[in-house]
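For reference, the structure is listed below as structure tokens.
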Amino acid sequence: MSKKKSGILNLFIRYFILILISIPNLWIFYFIFTPLTIYPVYLLFNLFFDATLSGNIINIGIFSIELIDACIAGSAYYLLLILNLSTPKIKIRKRIKMILLSFIFLLIINILRIFLLGSAFVSGYPWFDATHKLLWYLGSTLFVIGIWFIEVKLFKIKEIPIYSDIKFLYLNLRK
Numbered sequence: 791m792s793k794k795k796s797g798i799l800n801l802f803i804r805y806f807i808l809i810l811i812s813i814p815n816l817w818i819f820y821f822i823f824t825p826l827t828i829y830p831v832y833l834l835f836n837l838f839f840d841a842t843l844s845g846n847i848i849n850i851g852i853f854s855i856e857l858i859d860a861c862i863a864g865s866a867y868y869l870l871l872i873l874n875l876s877t878p879k880i881k882i883r884k885r886i887k888m889i890l891l892s893f894i895f896l897l898i899i900n901i902l903r904i905f906l907l908g909s910a911f912v913s914g915y916p917w918f919d920a921t922h923k924l925l926w927y928l929g930s931t932l933f934v935i936g937i938w939f940i941e942v943k944l945f946k947i948k949e950i951p952i953y954s955d956i957k958f959l960y961l962n963l964r965k
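Per this note's numbering, the very first residue in the sequence shown carries number 791; after that it's consecutive.
So this is what it looks like as structure tokens:
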């Protein structure tokens, strides 16, 4: 198979995977990361408070903390996957390592974020609502961008997500 055909096939497979994962509303991310988020958060709360867990709700005294889909951050995991799979010229082993590392980074950051925000809520921190909204709207985006930049540096990525694929298609399909 020629380099051109191989590159086009690789591009097709990467984007096909992204579309396939997104069709059922990112359920795979919530299926995997909901328990991986809820149980460690509950265990952290239980270290410092008398917490109980009922489904996706952590109760601490009179306070209830419900971990909804937005808390799990399925779309943030998907964005990391998009950045990874829309970047060409990465060998499969390296790509798998990058995906796993980025997901682990995000999971740890997210668990700590939920725990710290929940602790602030239970402690009556007066700026809880503002802090929560700031971390929800801005923080999650900055976490994903930060994780991606760390990966680019760690794994010495030279290509640019999406742009490098468009450039490849333009240069190879106009001939």
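Note that beta-carbon positions come from the ideal geometry of N, C-alpha and C, so glycine has one too.
Tell me the rounded alpha-carbon separation between residue i and residue j.
{"i": "L826", "j": "L875", "result": "23 Å"}
{"i": "I809", "j": "F839", "result": "42 Å"}
{"i": "F821", "j": "R903", "result": "20 Å"}
{"i": "Y805", "j": "G845", "result": "35 Å"}
{"i": "Y960", "j": "I803", "result": "18 Å"}
{"i": "A841", "j": "I847", "result": "10 Å"}
For residue i, count neighbouring Cβ atoms within 10 angstroms of its own Cβ and tell me buried if that reaches 16, exposed if not.
{"i": "Y829", "result": "exposed"}
{"i": "W938", "result": "buried"}
{"i": "T877", "result": "buried"}
{"i": "Y867", "result": "buried"}
{"i": "E941", "result": "buried"}
DSSP three-state label for residue i, please.
{"i": "I855", "result": "strand"}
{"i": "A920", "result": "helix"}
{"i": "I882", "result": "helix"}
{"i": "I828", "result": "helix"}
Which residue's Cα is closest to the Cα of residue i: the options?
{"i": "W817", "options": "I862, F802 and I803", "result": "I862"}
{"i": "N785", "options": "Y960, D955, Y868 and V942", "result": "No information on residue 785 is available, as it lies outside the stretch 791 to 965 that the chain covers here."}
{"i": "G864", "options": "T824, K887, I847 and L906", "result": "T824"}
{"i": "I880", "options": "K948, N962 and F819", "result": "K948"}
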